[in-house]
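Okay, structure first, notes after.
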Amino acid sequence: MITPEARRALPFFVYGTLRPGEPNHDLFLRGRTAAEEPARLPDAVLYDGPGYPYAVDRPGTEVRGELVTARREAYDDLLTALDRLEEYVPGDPRNLYVRVARDVLRPDGTAVRAWVYLAAPHVAARLRATGNRMATGDWLSRR
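Following numbering that gives the first Met the number 0, the numbering of the sequence shown begins with 0 at its first residue and continues without gaps.
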């Protein structure tokens, strides 16, 4: 069954290498976005990965990042490019990430539905057991 979110172009919540100043921002987002603004993903925690982070569901915590709205004419290509970057294939049990629709919060507290790449369940379980949690919830704080 196709969800209502899958039928419409949602913005993306990015929290790692796609953020401004990070290596994948210009490679994937330059020229494809209509807007980029700070945002927070509630009820998620951030784990340090091998050069990139993973967000994992966890009530009472939050991850900081950006809400990225794609230009209409660039949306399909951007979605495909980001799925490829995150090595996400719908239904593939080998995925490292899953793309899910979640509410993210703008600085004023307004909720916006957006695509978020979260750690796949088997990756999330490993991270919860032995991962390096980033207490700040902000990938940029590692600098």
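We put the beta carbon where it would ideally sit given N, CA and C, even for glycine.
Cβ pair residue i, residue j closer than 8 Å
i     : j     : result
Phe27 : Ala80 : yes
Val62 : Tyr14 : yes
Ala43 : Asp25 : no
Nearest-angstrom Cβ-Cβ length linking residue i and residue j, presumed shorter than 8 Å
i     : j      : result
Leu17 : Ala100 : Contact doesn't hold; Cβ gap of about 17 Å is too wide.
Thr32 : Thr68  : 6 Å
The alpha helix (DSSP H) enclosing residue i, as first and last residue numbers
i     : result
Tyr74 : 74-84
Close Cβ partners of residue i (< 7 Å) along its chain, the five nearest in sequence each way excluded
i     : result
Glu36 : Glu65, Leu66, Arg105
Spatial neighbours of residue i in its chain, beta-carbon cut-off 6 Å, leaving aside the 5 residues before and after
i      : result
Met133 : Leu45, Asp47
Glu85  : Tyr96, Tyr116
Asp22  : Here residue 22 is Pro; the residue named in the question, Asp, does not match the sequence. So the qualifying residues of the chain are Thr16.
Run of the beta strand (DSSP E) containing residue i, from where it starts to where it stops
i     : result
Ala43 : 32-47
Phe12 : 11-13
Same chain only: Cβ atoms within 8 Å of residue i, ignoring 5 sequence neighbours per side
i      : result
Ser140 : Met133
Any alpha helix (DSSP H) of 4 or more consecutive residues that is wholly inside the stretch 49-133: 74-84, 120-129
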